[in-house]
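Protein chains in written order, with this note's numbering: chain H, 10 to 415; chain C, 497 to 775; chain W, 6 to 307. In this text, a Cβ means the ideal position worked out from N, Cα and C, and glycines have one as well.
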């Protein structure tokens, strides 16, 4: 063996050693021992519930593998659950936050400030403003009277899901809120975004739940959820996972929270495009029970004349059931009813119904049923029900919705 | 040696042809945009392409988005692949080495010359596309549709306004980041260039690596290796146009490129230091 | 100047250079002869640290190579096989680039040195035309100018007269002689016997990787102890020198004799007209053919 050969060999050895050292860095970092948290699962959940005012700024990524088809007008919603979403968030408080959904070459931002909710979409070069306070909503009561109520549509529970809802902090709190009363278990701690997080696992007691387990890791000090994983029954990998990759527990600077300067072009009173506009008023209301599940209590609202109304009297949707098996029924406006039904029928399975028609889309985590009652043309009443329940249960829901009349 | 390599680079007619081609593509696109004024549908087409219709001052960013994915890496791979293999084929490598030029120094000088090329090329693209954008697309001081008066400032991805001075700074950052992004390609091609005497072979090898990486980046099944792919953070320069600037991917991308450069330059050194020069 | 011991280079299963003990002394005009493929070029490349030896040692100017190559190479001017140049640049720019690339040779004296080197190789009149328009001979001269740029103490030239016309070859030979007289050691390799015979004082012959001959040219061409006699009276001469004539072809006799002058006196004394008389010397070609086997590029059926 010549000298040159030996030297070449030595140099390659050096390079190989360098490469393996570099490659080992992530593995070594990942293998660091995780500190155990003294916090019990119930205490952790309680802290999470009370974490709604913890200020932070950070970067999060969510991965959804739900595999929902695109429904007309709802594409942005289904893609949130079926793809990767990169989020940047600044949270100064419930009335002062900003969440950006980052995409290659574009950005969709949601800004909440004292005036309302601003949605910025760079690709469409479009800004939408939904006032939070002082907006008067004209609504038709079940008995045919026109009333004006004060509403906060930007914060309405009836709004469509948006990217900001995928933030671990938001999603974790929301799901833990839903799962109240379900069995809890402690999980091993984990390092998330540089914080030693404590974990809790929630399973569902209901046989019709599609949720195998819901895992939430949260900062044991502030209760802020840092990572959320939702795994379907009998699945190994989470179907929806979101976690912070960078997080700083500090009040964000005002400049980051300030609404886009382009918002100056939008006149406050000339706002439009309320996501809630998609839904219609359903004057008939919805039944108190569906498939044996009771409707949830609705908050009451007082109109200017002093009369009290429950939400269900003018809300387009209603929530049924308890815990993780809660499902929501939405009345689809007549003008979209046939479109939604057709899109669902392209992907779903028909449901055997006594009258009307219904189609069911069952995914490992979420089931959707679209039911249309008897009627002619565009006049058919259309309902969409969805929740983390299995197909068997949703089938029963579809049967009942198809025979509803408005 | 570095000055010699730079002199060789800038005395090369081929280099100017490549840069001219790089500048030509955004120019052609601008002609079509300016004459038809048809923006790509939202969320499709190149980044910033619809935004430049309202303000041409942002056209350099759109131009970089046009040349970065294919054109620029091809140019870098071709030139870097040629760096050692081309000298070997031309018979000049042996004369450099017996001059003598240290082999390690030669490798480093070649890489630095590549950096100079990328800087020059991107700067040329930025300058020509800025002129193209401003002259052909306008700076948006006119009203569009008679509804909203658009400000002359450029709109960031986050909807904030970027003043011309700040735009210049962000473009400088972009030029720097793209140059760093191209380091990985240059290092791959340079390493392959020490393996073979065929400049074309080295360029093809580097491009094959890049295409593989680009494909894997879009593949969900390859999630576990994505953070290590050389092209993973290529588009992070777009984050310079967010408000506030999102440094996360930019930092990671730059770090990754430097790791690639260290490893590949090391490999090139290991292979080349006592390699027989047979041509 | 150059000393190698057991220098060996193996490419896979073939031995390109096999145990060569080269000995070039300061001031030599050394010619390395050998057919194509005999390992000359590999040997030259090893001297210049372009190719690394499998075994053996090289010492140039008393320093081990390739370990101290960075100290030795600046003192060597070399041309390896064809000259190399950047085709799109002018000759001057090429020289300037190569000069600036390495150590030795300051920036301030560069222009003067380039002019001088170009003058020496007969290219003082070149303009800014790119090298790709040059003829083969011009390129060869340019390569030589590159080798001379920093007045080297050792010139290593591989086939230096390739592509030159007879006048050009003569010019280059004169130039090398002149440089050698000024103290430069010249080591050249060639497959042209005539070139080496005309210029060199010392010859090495390579055959299939081995150095089969290495000696002074004069020693190789030592008198054979025979004398060649040209005479119109060949018949009578043959009779006069009875028994000492080895052969006769026409008017030429090959005579075994130690002293040409004495033989001439004998012949003249015998009233034999002598047209020419000279001691027989072996030609270099004979020496080489004797020492080497068949041509390396010949492929015979076995």
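Item: Own chain residues within Cβ distance below 6 Å of residue 643 of chain C, not counting five before or after; Value: Confidence in residue 643 of chain C is poor, its pLDDT being 39 and thus under 50, which makes the residue's placement too unreliable to answer from.
Item: Through-space distance from residue 213 of chain H to residue 192 of chain H, alpha-carbon basis; Value: 7 Å
Item: Per-residue burial, residue 129 of chain W [other beta carbons within 10 Å of its own, 16 or more giving buried]; Value: exposed
Item: DSSP three-state assignment for residue 250 of chain W, whether helix, strand or coil; Value: strand
Item: Any C-beta of chain W under 8 Å from that of residue 133 of chain H; Value: no
Item: Stretch pair the region 20–37 of chain H + the region 757–771 of chain C: three plus CB contacts closer than 8 Å; Value: yes
Item: Residues of the region 660–681 of chain C whose Cβ lies closer than 9 Å to any Cβ of chain H, in chain order; Value: none
Item: For residue 84 of chain W, the first and last residue of its enclosing beta strand (DSSP E); Value: 81–84
Item: 7 Å Cβ shell around residue 652 of chain C - same chain, five flanking residues per side excluded; Value: 658, 737, 738, 739
Item: Helix, strand or coil at residue 211 of chain W [DSSP, three-state]; Value: strand
Item: Residue 190 of chain W to residue 165 of chain W span [Cα, whole Å]; Value: 15 Å
Item: Segments assigned alpha helix (DSSP H), at least 4 residues, entirely inside the region 87–168 of chain W; Value: 96–106, 115–125, 141–153
Item: Listed by chain order, chain C residues near residue 31 of chain H by CB distance under 9 Å; Value: 755, 758, 759
Item: Bridge-paired residues (DSSP) for residue 135 of chain H; Value: H:130
Item: Residue 35 of chain W versus residue 145 of chain W - alpha carbon distance; Value: 20 Å
Item: Beta carbon proximity, residue 265 of chain H to chain W, threshold 8 Å; Value: no
Item: Neighbourhood of residue 28 of chain H by C-beta distance below 6 Å, restricted to the same chain and skipping five residues each side; Value: none
Item: Alpha carbon of residue 511 of chain C to alpha carbon of residue 39 of chain W, nearest angstrom; Value: 43 Å
Item: Beta carbon proximity, residue 79 of chain W to chain C, threshold 8 Å; Value: yes
Item: Short Cβ contact (8 Å threshold) for residue 563 of chain C with residue 536 of chain C; Value: no
Item: With 16 other Cβ atoms within 10 Å as the buried cut-off, status of residue 245 of chain H; Value: exposed
Item: Check whether residue 383 of chain H and residue 365 of chain H have beta carbons under 8 Å apart; Value: yes
Item: Beta-carbon neighbours of residue 651 of chain C, restricted to chain H and to distances below 7 Å; Value: 271
Item: First through last residue of the alpha helix (DSSP H) which encompasses residue 347 of chain H; Value: 343–356
Item: Residues in the region 100–121 of chain H having any Cβ partner in chain C nearer than 8 Å; Value: 109, 111, 112, 113, 114, 115, 116, 118
Item: Proximal residues to residue 93 of chain W (C-beta, below 6 Å), its chain only, five neighbours per side dropped; Value: 135
Item: Within the region 514–581 of chain C, ranges of the alpha helix (DSSP H) (whole runs, at least 4 residues); Value: 547–550, 555–563
Item: Meets three-Cβ-pair contact criterion under 8 Å: the region 53–62 of chain H and the region 174–187 of chain H; Value: yes
Item: Within 8 Å of chain H by C-beta, residues of the region 545–557 of chain C in sequence order; Value: 546, 547, 550
Item: Candidates W:19, W:15, W:66: closest to residue 28 of chain W by CA position; Value: W:66
Item: Proximal chain C residues relative to residue 27 of chain H, where beta-carbon distance stays under 8 Å; Value: 758, 759, 762
Item: Minimum C-alpha distance to residue 757 of chain C - residue among C:679, C:703, C:588, C:718; Value: C:679
Item: Within-8 Å CB hit, residue 657 of chain C to chain H; Value: yes
Item: Residue environment, residue 599 of chain C, which counts as buried when at least 16 other CB atoms sit within 10 Å; Value: buried
Item: At least three beta-carbon pairs within less than 8 Å, the region 45–55 of chain W to the region 219–228 of chain W; Value: no
Item: 8 Å Cβ cutoff, residue 13 of chain H in contact with chain W; Value: yes
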